[in-house]
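Its first residue numbered 1, the sequence shown is counted upward by one per residue in the UniProt record's numbering. All residues carry an ideal CB built from backbone N, CA and C; glycine is no exception. Okay, structure first, notes after.
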Amino acid sequence: MKFCCCFSYCFPQPSETSIIDVNKQEPQGENDENFTVFSYRELRLATRGFSASNKIGKGAFGCVYKGFLANGSVVAVKMLSVELESMRGEREFVSEISTLTNLKHENLVTLKGCCVDGTKRFLVYNYMENNSLAQVLLGREQNRIKLGWEARQEISLGVARGLAYLHDEVRPHIVHRDIKASNILLNQNLVPKVSDFGLSRVLRNDVSHISTHVAGTLGYLAPEYAFSGRLTRKTDVYSFGVLLLEIISGQTVVDFDLEHGEHYLVQKAWELYRANRILHLVDPILGMNYPKEDAVRFIKVGLLCVQETARFRPEMSMALKMLTNDVDMEGVQISQPGLVVDLMNIKLGQKTTFRSLYSSNLESTPSPLSSCS
Ligand SMILES: Nc1ncnc2c1ncn2[C@@H]1O[C@H](COP(=O)(O)OP(=O)(O)O)[C@@H](O)[C@H]1O
Ligand SMILES: [Mg+2]
């Protein structure tokens, strides 16, 4: 049983929801000239009526379809349905537009435009030929690509660059909040593009933000954020660390098909590290065809990023330098990782509901949330 569970829950505070009127929206930034407000008809034609055969993905907030625009360009169209009561869908739509129209980076997906039709919202992106890292690395056998060490290295570095850009170069800084394999798209050359900015947040006070709406994906979720709503750039660093361990191991963050004691990737990596057997984490399909020193370095960076104590985690720009071997990692201390394994019981301020790796029983029955697919 593979594990994947998106969730979001609100802390009892006023809603942050806002409603966007795309006709009044004037996107700004470097993508301006390319940003188009599409008509529903154009998108319906492009996707052959949103046919099942054009469907290329499904996420927490809607389905994604491959489309061919009249001008010949190939796009991915994400359809979001707005729930009028909760305004679910609207918030994600607004967030993606306001974030992505102002950003441009080789490792971020490009938003080409949007469309509003009744309670339906559409986001139009450049189509990525190799779909997502989740599909290519961790997906069904027929969709997988055998990724060698170099490909894994380049994908890891690309994601790190994209995140370092969001965290350091963009002002105010942006926290993505949902870094995971299915949100890393791959173009025809396997260049990674961070996508799905529906949960992203701008950090206006530069340091942290207490989230009234905790959201993310179980397994990738930084513990301090899960139980206190404290959002910082280190929240993304944690998720990046999990992703890095997945890229090196070819294993999903939680996999109950594996042997007892190996279900949780972060736990497995930490135990192998402590037993001085760190290379046992490397994906067996690589055989001996990978540089050992580099692999050790990548796994160590992964473990540094998932440390339980957020302030011990490196900033993204530092993690990137470590990965590229521009910083000496000799003597770097790694402390125990954090892991949220049960979200069912999380309530604001109840620290007892967070079960940290070594401070409590990890082997308990997975919650219903953690076993949904
Ligand atoms: N631009 C794209 N090109 C190719 N596939 C895409 C593209 N955008 C999304 N997908 C596919 O759709 C899935 C869901 O997209 P995502 O933006 O993450 O939606 P959600 O917000 O619902 O999670 C992705 O994991 C990927 O498989
Ligand atoms: Mg997604």
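In this structure, the beta-carbon distance from asparagine 54 to tyrosine 40 does not fall below 9 Å. With a cutoff of 8 Å, lysine 104 does not count as near ligand 1, since its C-beta is closer than that to no heavy atom of the ligand. With contacts defined as CB atoms closer than 9 Å, leucine 163 and valine 254 fail to qualify as a contacting pair. The C-beta of glutamine 142 has fewer than 16 other C-beta atoms within 10 Å across all chains shown, which makes the residue exposed. Under the rule that a run must span 4 or more residues, the alpha helix (DSSP H) segments found entirely inside the region 86-149 read 90-100 and 133-138.
Note on proline 337: 16 or more other CB atoms within 10 angstroms of its CB, so buried under the neighbour-count rule. Secondary structure note for glycine 49: it is in no beta strand (DSSP E), with a DSSP letter that is neither H nor E.
Taking all protein chains in view, the Cβ of histidine 260 is surrounded by fewer than 16 other Cβ atoms within 10 Å, so the residue is classified as exposed. Proximity to asparagine 102 across Glu83, Val170 and Cys305 peaks at Val170, based on C-alpha coordinates.
The three-state secondary structure of glutamine 307, taken from DSSP, is strand.
In the same chain as leucine 84, and ignoring 5 residues on each side of it, the C-beta atoms closer than 7 Å to its own belong to Thr119, in chain order. For phenylalanine 68, the uninterrupted beta strand (DSSP E) segment begins and ends at 62-68.
Taking 8 Å as the cut-off, the C-beta of asparagine 131 does not count as close to any heavy atom of ligand 2. Spanning the alpha carbons of valine 332 and leucine 258 requires a straight line of approximately 30 Å.
At least one heavy atom of ligand 1 falls within 8 Å of the beta-carbon of aspartate 196. Excluding the 5 residues flanking it on each side, histidine 263 has same chain C-beta neighbours closer than 7 Å at Val254, Asp255 and Phe256, in chain order. Within the region 189-256, the runs of alpha helix (DSSP H) that reach at least 4 residues and sit entirely inside it are, in chain order, 223-228 and 233-249. Within the same chain, and ignoring the five residues on either side of isoleucine 145 in sequence, the residues whose Cβ sits closer than 6 Å to its Cβ are Val136. Excluding residues up to 5 positions away in sequence, Phe35, Thr36, Val37, Phe38 and Val124 lie with their Cβ nearer than 7 Å to the Cβ of glycine 113 in the same chain.
The C-alpha of leucine 108 is placed about 27 Å away from the C-alpha of aspartate 117.
DSSP, reduced to helix, strand and coil, places methionine 329 outside both helices and strands of the structure shown, so it counts as coil. At least one heavy atom of ligand 1 falls within 8 Å of the beta-carbon of tyrosine 127. Isoleucine 334 sits in coil when the DSSP states are folded into three classes, being neither helix nor strand. Not one heavy atom of ligand 1 is found less than 8 Å from the C-beta of serine 249. Closest in C-alpha terms to serine 156, from the list Arg121, Val242 and Val327, comes Val242. Checking the 8 Å criterion, the Cβ of asparagine 183 is within range of a heavy atom belonging to ligand 2. Under the rule that a run must span 3 or more residues, no beta strand (DSSP E) segment is found entirely inside the region 269-315. Placement of the Cβ of phenylalanine 61 at a distance of less than 8 Å from at least one heavy atom of ligand 1 is found. Rounded to the nearest angstrom, the gap between the Cα atoms of leucine 203 and glycine 250 is 32 Å. At least 9 Å separates the beta-carbon of leucine 244 from that of arginine 201. Around the beta carbon of aspartate 196, 16 or more other beta carbons sit within 10 angstroms, so the residue counts as buried. Remark: the shortest separation between the CB of lysine 321 and any heavy atom of ligand 1 does not fall under 8 Å.
Judged by beta-carbon spacing, methionine 128 lies within the 9 Å limit of alanine 76, meaning their Cβ atoms are closer than that value. In the structure shown, histidine 173 falls within a strand segment according to DSSP collapsed to helix, strand and coil. In this structure, aspartate 236 has its beta carbon at no less than 8 Å from each heavy atom of ligand 2.
Closest option to asparagine 183, judged by alpha-carbon separation, among Asn71, Val340, Val159 and His167: Val159.
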